[in-house]
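In UniProt numbering, the protein residues as written are 1 to 292.
The C-beta atom is built at its ideal place from N, Cα and C for all residues, glycine as well.
Structure first, then comments.
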């Protein structure tokens, strides 16, 4: 995992299989470091746990360092966030195209401590993207920042992701999910319990929402064990994002930078899963592993 050049070449090889080189609308000429090469460099850094651009540029080989400056790298990476997400979806489609069961959950993403929230200027350049105070039931704590909403397959590949202020309730994410998946069973926890939403999902896009019932509900039934077991898969993915990809560590000052970091970390995770399955034929969720 310490060989940056070899890891970079492996990830670039994968991206070239699923995405074509092309100039984007804001580019007038071909840059020295192409978009795919820049994205590959970003994903390599995330995979190797290099979470600081300063540290990354100290470790870059001369062949890459001569092609791009740090400020240009940072600016172009933010502009490429939509292409980065398209690559993530293309990778995920190789796993989830015929998937019938998905898991939905959310996790807190803190941008600063609560004591600093009143004077913090992080991610406040646009009104629509202001962070907010929220409560995490799993950790029994309040925090200031955002909430990452995600849907993954039961095999552990992210299909859909979204960010919202921390105060937004989990169930509101289900209103947007209808545009992204259909004809499947969606497994969630008690935070997604809603008869109205459950009926709406089934009638509009044939999604069966399965959540544990509260013990005092009428016609109470225990959620099947297989669903309770599969629901833990997304919690394991969140743990991997926190551990190896350090998703809770934030160096961003703007929302665009914050969003780019989150998408890059999840795309890096999906890329390693793709390499595990289609190049080495091993367990896709062995993330701390050599890819060269």
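Give me, in chain order, the residues of the same chain whose beta-carbon lies closer than 6 angstroms to that of residue i; leave out the 5 immediate sequence neighbours on both sides.
{"i": "residue 209", "result": "186, 198, 201"}
{"i": "residue 193", "result": "211"}
{"i": "residue 285", "result": "156"}
{"i": "residue 42", "result": "77, 264"}
{"i": "residue 246", "result": "51"}
{"i": "residue 191", "result": "170"}
{"i": "residue 33", "result": "67, 68"}
{"i": "residue 132", "result": "165, 166, 167"}
Whose CA, out of the options, lies closest to the CA of residue i?
{"i": "residue 44", "options": "64, 32, 31", "result": "64"}
{"i": "residue 162", "options": "179, 155, 154, 156", "result": "179"}
{"i": "residue 165", "options": "141, 177, 109", "result": "109"}
{"i": "residue 4", "options": "123, 55, 278, 167", "result": "55"}
{"i": "residue 136", "options": "144, 130, 18", "result": "144"}
{"i": "residue 217", "options": "242, 195, 224", "result": "195"}
{"i": "residue 79", "options": "291, 288, 278, 264", "result": "264"}
{"i": "residue 184", "options": "170, 203, 169", "result": "203"}
{"i": "residue 82", "options": "260, 288, 287", "result": "260"}
{"i": "residue 105", "options": "147, 132, 85", "result": "147"}
{"i": "residue 35", "options": "243, 205, 228, 16", "result": "16"}
{"i": "residue 167", "options": "188, 130, 96", "result": "130"}
{"i": "residue 127", "options": "255, 173, 290, 191", "result": "255"}
{"i": "residue 40", "options": "30, 28, 19, 258", "result": "19"}
{"i": "residue 96", "options": "288, 225, 181, 250", "result": "181"}
{"i": "residue 240", "options": "115, 46, 28", "result": "46"}
{"i": "residue 142", "options": "107, 30, 221", "result": "107"}
{"i": "residue 226", "options": "188, 262, 257, 160", "result": "188"}
DSSP three-state call for residue i: helix, strand or coil?
{"i": "residue 296", "result": "The displayed coordinates of the chain run from 1 to 292. Any statement about residue 296 would go beyond what the structure contains."}
{"i": "residue 188", "result": "coil"}
{"i": "residue 118", "result": "coil"}
{"i": "residue 293", "result": "Residue 293 is absent from the structure shown; the chain starts at 1 and stops at 292."}
{"i": "residue 210", "result": "strand"}
{"i": "residue 132", "result": "strand"}
{"i": "residue 156", "result": "coil"}
{"i": "residue 251", "result": "coil"}
{"i": "residue 272", "result": "helix"}
{"i": "residue 162", "result": "strand"}
{"i": "residue 60", "result": "coil"}
{"i": "residue 150", "result": "strand"}
{"i": "residue 145", "result": "strand"}
{"i": "residue 126", "result": "coil"}
{"i": "residue 29", "result": "coil"}
{"i": "residue 257", "result": "helix"}
{"i": "residue 39", "result": "helix"}
{"i": "residue 3", "result": "coil"}
{"i": "residue 264", "result": "helix"}
{"i": "residue 245", "result": "coil"}
Considering only heavy atoms of the ligand PLP, does any lie closer than 7 angstroms to the CB of residue i?
{"i": "residue 93", "result": "Summarising the ligand content, the structure contains no ligands, and the ligand PLP is consequently not present."}
Near residue i, which residues of its chain fall below 7 angstroms by C-beta distance, leaving aside the five closest residues on each side in sequence?
{"i": "residue 274", "result": "14, 91, 94"}
{"i": "residue 37", "result": "12"}
{"i": "residue 233", "result": "103, 152, 154, 156"}
{"i": "residue 253", "result": "122"}
{"i": "residue 283", "result": "276"}
{"i": "residue 9", "result": "none"}
Enumerate in chain order the residues of its own chain whose CB-to-CB distance from residue i is below 8 angstroms, with the five nearest sequence positions on each side excluded.
{"i": "residue 158", "result": "88, 92, 150, 151, 152, 237, 266, 269, 270"}
{"i": "residue 100", "result": "183, 184, 185"}
{"i": "residue 86", "result": "19"}
Inter-stretch contact (C-beta, 8 angstroms, three-pair minimum) for the stretch 73-90 and the stretch 115-125:
Taking 8 angstroms as the limit for Cβ pairs, the verdict is that the stretch 115-125 does not touch the stretch 73-90.
Ignoring anything shorter than 4 residues, give me the alpha helix (DSSP H) runs that lie fully in the stretch 81-118, in order along the chain.
Runs found: 81-96.
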